[in-house]
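The sequence shown runs 103 to 233 under the numbering used here. Where is the CB? At the ideal position from N, CA and C, for every residue including glycine.
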Amino acid sequence: MTVDDGVRTLEIELASLAEDLTTPLWRECVLCFANRMIVQFGCDSTLRWARRWRTARAPQATALERRLGRLGAYCDCEIYTNAFDVTVETVRDPDTGAECWPEHVNGCDGVRAGSTQPCSLWAPRTSRPWW
């Protein structure tokens, strides 16, 4: 095996791993997916994760980014600062003091296939931020 072959093999393995790590879960809504991706990989000031979800789960929903923009979400993290808020109160972990989801929240509540609506864990913000 040459160095080029090794590099090619590694690139293929990394691409496969990236695909596995960034594939939406079954019935996972766009907001739960984008939130999970931001926690793991951060926001790059684009709608990269919303677009990734749409490509994988709702390819016909070509207006998703436009709709998010109308709500003030021009990047993935702005979905949560400007457009939507979580409907469940977080709790403090008694051991670490970290803020976390309550035990009854176990990932996304789920949506039907192809739906761009958020699951019941999210609600539209009723007011815009002051800035």
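For chain C, is any of its Cβ atoms less than 9 Å away from the one on residue i?
i: residue 137; result: Going by chain labels, chain C is absent from the structure shown, which holds only one protein chain.
With distance defined between alpha-carbon atoms, name the residue in the options nearest to residue i.
i: residue 221; options: 130, 122, 119; result: 130
i: residue 120; options: 216, 143, 198, 228; result: 143
i: residue 183; options: 173, 191, 190; result: 173
Roughly how many whole angstroms lie between the Cα atoms of residue i and residue j?
i: residue 140; j: residue 118; result: 20 Å
i: residue 158; j: residue 179; result: 20 Å
i: residue 227; j: residue 134; result: 16 Å
Just mark residue i as buried or exposed, buried being the case when its beta carbon has 16 or more other beta carbons within 10 Å.
i: residue 106; result: exposed
i: residue 112; result: exposed
i: residue 149; result: buried
i: residue 193; result: exposed
So residue i is in the beta strand (DSSP E); what residue range does that whole segment cover?
i: residue 225; result: 224-226
What runs of the beta strand (DSSP E), each 3 residues or longer, lie entirely inside the region 105-189? Runs of the beta strand (DSSP E) lying entirely within the region 105-189 and spanning at least 3 residues, in chain order: 186-188.
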